[in-house]
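Trainee: Okay, here's the structure, questions in a sec.
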Amino acid sequence: MIWIKKTSLIFICVLLISGCQSHYTVDYGHSSLYSKQDLKQAVKIILKEFNTWNGCSLRHLQYLGDKKAKNELKYCRSLKKKDYQEAVVFSSSFHTSKDVEGGFESHEEYTDWQWFLARTKHGKWELLTWGYA
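Mind the numbering: the sequence shown is residues -11 to 121 in the numbering used here, read in order.
Take a look at the structure:
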């Protein structure tokens, strides 16, 4: 009888822990400008910011392609008045909970939320801005 209680308790704990994980997908697409590792580094920075948003669950991240990256480089330079050499733009979708913070509506699905990152010649990616473009 004790064995059944312990097994049940362990099973419940595993379910609770796995239920708290955020399940999202990342689409790196195809890039002739950046390696997958370059794009993974950018995603890591996006996730670091996103994970500070209480009440938001990430669903999907997608690299918007080399053409978008090239087109947005000038915009990225204008944001911080830096001579960035490279830029990437990702789109995301996420869901908000009842207790969401940060000015988001509760129980909403946000789609095409964009993330703009840039870097200098030998620098690291910097997250410059995010939101609806």
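Where a beta carbon is used, it is the ideal one built from N, C-alpha and C, also for glycine. No experiment lies behind these values; they were computed from the predicted model shown.
1) Count the other CB atoms within 10 Å of the CB of Ser20; is the residue buried (16 or more) or exposed (fewer)?
2) Taking just the CA atoms, how far does Asn59 sit from Tyr98?
3) Can you round the beta-carbon distance between Ser45 and Phe82 to whole angstroms, since I take them to be within the 8 Å contact cut?
4) Quick check: what's the CA-CA separation for Phe92 versus Thr117?
5) Please go through the same chain and pick out, in chain order, the residues whose beta-carbon is closer than 8 Å to the beta-carbon of Trp101, but skip the five residues on each side of it.
6) Where does Glu74 land, buried or exposed, given buried means 16+ other C-beta within 10 angstroms?
7) Within a Cβ cutoff of 6 Å, which residues of the same chain sit near Tyr16, ignoring the five residues on either side of it in sequence?
Mentor: This is what the structure holds:
1) By 1-based counting over the sequence shown, the position of residue 20 is 32. The residue in question, Ser20, is exposed, as its Cβ has fewer than 16 Cβ neighbours within 10 Å.
2) For the purposes of this step, residue 98 is identified with residue 110 of the sequence shown, where counting begins at 1. For the purposes of this step, residue 59 is identified with residue 71 of the sequence shown, where counting begins at 1. Taking the straight line joining both Cα atoms gives about 24 Å.
3) The residue given as residue 45 occupies position 57 in the sequence shown. The residue given as residue 82 occupies position 94 in the sequence shown. 6 Å between Cβ atoms; contact.
4) To locate residue 92, count along the sequence shown from 1; it is residue 104. To locate residue 117, count along the sequence shown from 1; it is residue 129. Near 17 Å, if we compare the C-alpha coordinates of Thr117 and Phe92.
5) The residue you call residue 101 lines up with position 113 of the sequence shown. Excluding residues within five positions, the ones whose Cβ falls inside 8 Å are Ser79, Ser80, Ser81, Phe82, Trp118, Gly119, Tyr120.
6) The sequence position of residue 74 within the sequence shown is 86, counting from 1. Buried, by the Cβ-count rule.
7) Stepping through the sequence shown from its first residue, residue 16 is reached at position 28. Closer than 6 Å at Cβ, skipping near neighbours: Lys24, Leu27, Tyr51.
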